[in-house]
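Report on the structure given below.
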Amino acid sequence: MLKIFTLCFTLFLSQALFSQTTAASIPADGDTTIYTTVDTVASFPAGRTAWIKFIGQNIVLTN
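Residue numbers (this note's numbering): 1 to 63.
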């Protein structure tokens, strides 16, 4: 049992280690866009009570 666990752990660990990317493989797109913050906070068009009603009707709870 220990041999099987060790084998599975080693295979899993090797997949995790070799799946990492290096900085050299990430393409540099040269995007120099500067984003600024907005002055108004996002809100639901019908108001807070309508937002709560919408969430209550559309939330799916799973066990």
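Note that CB positions come from ideal geometry on N, CA and C, so glycine has one too.
- Return the CA-CA distance between residue 9 and residue 15, expressed in angstroms with no decimal places. 10 Å
- Local conformation of residue 30 per DSSP, three classes: coil
- Message: I'd like to know whether the C-beta of residue 34 is nearer than 8 Å to at least one C-beta of chain E.
- Response: The structure shown contains no chain E; it holds only a single protein chain.
- Item | Residue range of the alpha helix (DSSP H) that includes residue 49 | 48-58
- Where does residue 2 fall in DSSP's three states? helix
- Task: Determine the direct distance from the alpha carbon of residue 61 to that of residue 54, and round the result to whole angstroms.
- Result: 15 Å
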